[in-house]
Structures are given as structure tokens and as C-alpha cells.
Amino acid sequence: MSFKASDGTVFTDRQKWRLYEFELSYTFKNISVATPPKAQGTTEVPPEHTKLPLTTDGQPFDIADCTNATLLVLDNTDQVQIDNVIGSRIFIAASSESVFVRDCKDCTFVIACKQLRTRDCTNCTFYLYSKTEPIIETSSGMRFGPFNGAFKGHKEAMLRANLIPEHNLWFA
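Residue numbers for the sequence shown, in the UniProt record's numbering: 1 to 172.
Below is the structure:
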């Protein structure tokens with residue numbers, strides 16, 4: 001039996017195929033951009049740094065070890081883990097579960113989620129939609145404001161994640 005990944009790579013081992021497909025489709029890892037997003041003077045995001053609507057389809061998503069990147073997840077997801085990110089801008093359209101942000105520095109996040117949890121973050125700004133109160137652990141220089149992102153199809157992504165736009169506890 002063979003298993004074909006979304007990029008055409010074929011595997012005979014199901015477990016190796018699953019791991020490869022997850023890394024290919026549901027992660028942003030080791031992305032480093034020479035110029036920080038604020039200094040680039042552009043709003044364009046490389047296609048490889050964007051997950052378009054209906055591409056993650058409620059799956060978990062991981063972001064790790066990125067520097068000076070702009071990363072967009074424009075679909076509903078399950079749990080999201082964001083670890084060791086520096087000087088980046090990250091947009092998470094709609095997570096039906098928790099978004100964990102750990103060991104991040106000098107970042108701006110626009111996140112819609114069921115629950116936000118941060119740990120060991122420094123000098124980060126969050127524009128947040130959250131169904132529950134955010135949980136902030138051992139972090140400093142954190143700033144919060146109401147969710148301020150949108151795109152065509154965003155309302156539908158939020159509804160697929162069971163997020164009601166009018167019920168936002170970003171300030172709690």
C-alpha cells in the first residue's frame with residue numbers, strides 16, 4: 001500500500017507519510033527573514049508563509065523557530081502552538097481550542113481563539129478575540145487590544161471554529 005502526500009511525494013509507511021504531511025501542511029518552522037516586517041514597508045506576504053482559507057480545515061497547527069517573519073493562517077484550526085518566535089507578525093484567524101504562545105519576543109499577534117495561553121514571552125502585542133480569559137504566565141512587556149483582523153471568508157472560519165464574533169473576552 002502507498003500513501004501520497006499533497007505535494008506528490010509517495011510513502012509506503014503510513015506513519016512517515018502522516019508526519020511528512022503534517023510538517024508540510026500544518027506548520028511554519030525555521031522561517032527567517034533578513035529584514036524585520038516593520039522595516040520592510042510592504043504588506044505583501046510570500047505565498048509559502050500563508051495558509052489560505054479551507055487549507056487547514058480544523059487541524060492542529062504549529063509555528064516554531066521563526067525570526068522577522070509575517071505568517072498568516074487564514075482558516076479555522078484546532079490547537080495552535082507558537083514557540084520561540086522573534087520579531088514577527090502572526091495572524092491566526094480562528095482556533096477552536098487553545099493557542100499556546102511560548103518563548104516569543106518582540107512580536108505582534110492577531111489571534112481569534114477559544115483560549116490564549118502565554119508563557120515566557122517578552123515585549124509582545126496581542127490583538128485578541130478570546131472566548132475565555134487569557135492566561136498569562138511569567139511574561140513581561142505584554143500589550144493587549146481587541147481583535148482587529150479580517151479577510152474575505154473570516155466570519156465563516158470563525159463560525160467553523162465555534163467562535164461567536166460578538167462574545168470577546170480579550171480584556172478579562
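Every residue gets a Cβ at the ideal spot worked out from N, C-alpha and C, and that includes glycine.
- Less than 7 Å separates the beta-carbon of Thr118 from that of Val101.
- Contact between Ile92 and Cys107 fails: their C-beta atoms lie close to 12 Å from each other, not under 8 Å.
- The C-beta separation of Ile136 from Lys105 comes to about 15 Å, leaving the pair out of contact by the 8 Å criterion.
- The residues Thr118, Arg119, Asp120, Cys121, Thr122, Cys124, in chain order, have a CB closer than 8 Å to that of Ser139 in the same chain once the five nearest residues on each side in sequence are set aside.
- Beta bridge pairing from DSSP links Gly145 with Tyr127.
- Restricting attention to alpha helix (DSSP H) runs no shorter than 4 residues, the UniProt domain "C-CAP/cofactor C-like" (15-172) encloses them at 37-40, 154-160, ordered along the chain.
- Taking C-beta separations shorter than 6 Å and ignoring five residues to either side along the sequence, the partners of Thr55 in its chain run Asp75, following chain order.
- One Cα belongs to Leu72, the other to Ala5, and the distance between them is close to 22 Å.
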